[in-house]
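Beneath this line is the structure, given in C-alpha cells, with notes to follow.
Numbering (full-length UniProt numbering), first residue to last: 1 to 86.
Pasting the structure below:
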C-alpha cells in the first residue's frame, strides 16, 4: 500500500513538473500547449518524459541562438574562429 502511494506521488510530481515546463514555454501556441498538457496527463509517465525532453531540447536551442546572436566584444570582428585571443 505504501509503495503504491509513493509511486502515485512520484507520478503526480513528475506530471506537475512537466506541466510547469509546458506552461512556461513561450514558443508553444495555445493549441500545442493544450496538446502537450493532454499528453502529460493522459499518458502519465511517458507523456511527462516526452514533454520534458522536448522542453530541454527547446531550451538548449534557445541557448545556442542567444550565444550565436550575442553582440561581439570590440575587436572580435577582426578575429576568425581559429584565432586565439591576444
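Backbone N, C-alpha and C define an ideal beta-carbon position, used for all residues, glycine too.
A distance below 6 angstroms between beta-carbons, with the five flanking residues on each side excluded, links residue 47 to the following residues of its chain, in chain order: 39, 40. Taking C-beta separations shorter than 8 angstroms and ignoring five residues to either side along the sequence, the partners of residue 45 in its chain run 11, 14, following chain order. The three-state secondary structure of residue 44, taken from DSSP, is helix. Annotation for residue 6: no residue places its beta carbon closer than 6 angstroms to its own, counting only its chain and skipping 5 residues before and after.
Going by beta carbons, residue 58 and residue 37 fall outside the 7 angstroms limit.
CA-to-CA, the gap between residue 60 and residue 50 works out to about 15 angstroms.
In the three-state reduction of the DSSP assignment, residue 14 falls in the helix class, which pools H, G and I.
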